[in-house]
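Trainee:
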Amino acid sequence: MSKKDSKENFFQNVYEVVQLIPRGRVTSYGAIASYLGAKGSARMVGWALIASHPMTKIPAHRVVNRVGMLTGKQHFDHPGAMQERLEQEGVRVENDQVADFEKLFWDPSKELL
DNA sequence: GCGATGACTTCTT
DNA sequence: GAAGAAGCCATCG
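Per this note's numbering, residue 485 is the first one in the first sequence, and the count goes up by one each step.
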C-alpha cells in the first residue's frame, strides 16, 4: 500500500456505495463515479464491479447504466440473473430495462448526503 | 511498449 | 431532437 492506495480506495468506495444501496433501488455508474470524484470515468465503475463481483458479494444487479438498461447482465453467472434478482427485490424490469428507473434511482450524493 | 476493448457519459454536428 | 464522435482509465493481446 503506497501508490496503489488511491486506486484501491476507488474500488473500495464503489463496493461501499453499492452495498449501501437500499433494496429495490438502483443507481447508475455515472452517479457513483461522480460521487467518488471520477466524474467522466464511469467505465471504471463498471470495471470495479467486474472485479468486485467475484471478489465481494455486492448487489451489482442494482447498478445499471444511465438509461436503466441491464448492460452488464451478461457478466453475471447466468444472463437473466440480474433481471430476476431485481424483480425479486421488487424492481420491475422490462426488456432488460428497469421500469420507473427515475423513481428507483438512488443517488449517493443525494440520498446518502 | 503499443493497440484494442470495455458493466459508460457527455459534447458536438 | 437524433445520431455520431470523443473522452476517460484500466486491463488484455
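We put the CB at the ideal spot given by N, CA and C, even for glycine.
For a test of the three-state rule: what should DSSP assign to Thr555, helix, strand or coil?
Mentor: helix
Trainee: Tell me which same chain residues have a C-beta within less than 7 Å of the C-beta of Leu596, skipping the five on either side of it?
Mentor: Leu504
Trainee: Just to confirm, are Val510 and Val551 a CB contact at a threshold of 8 Å?
Mentor: no
Trainee: In angstroms with no decimal places, state the Cα-to-Cα distance between Lys523 and Val529.
Mentor: 10 Å
Trainee: CB-CB under 6 Å to His537, same chain, minus the five flanking residues each way: which ones, in chain order?
Mentor: Cβ within range, chain order: Ala544.
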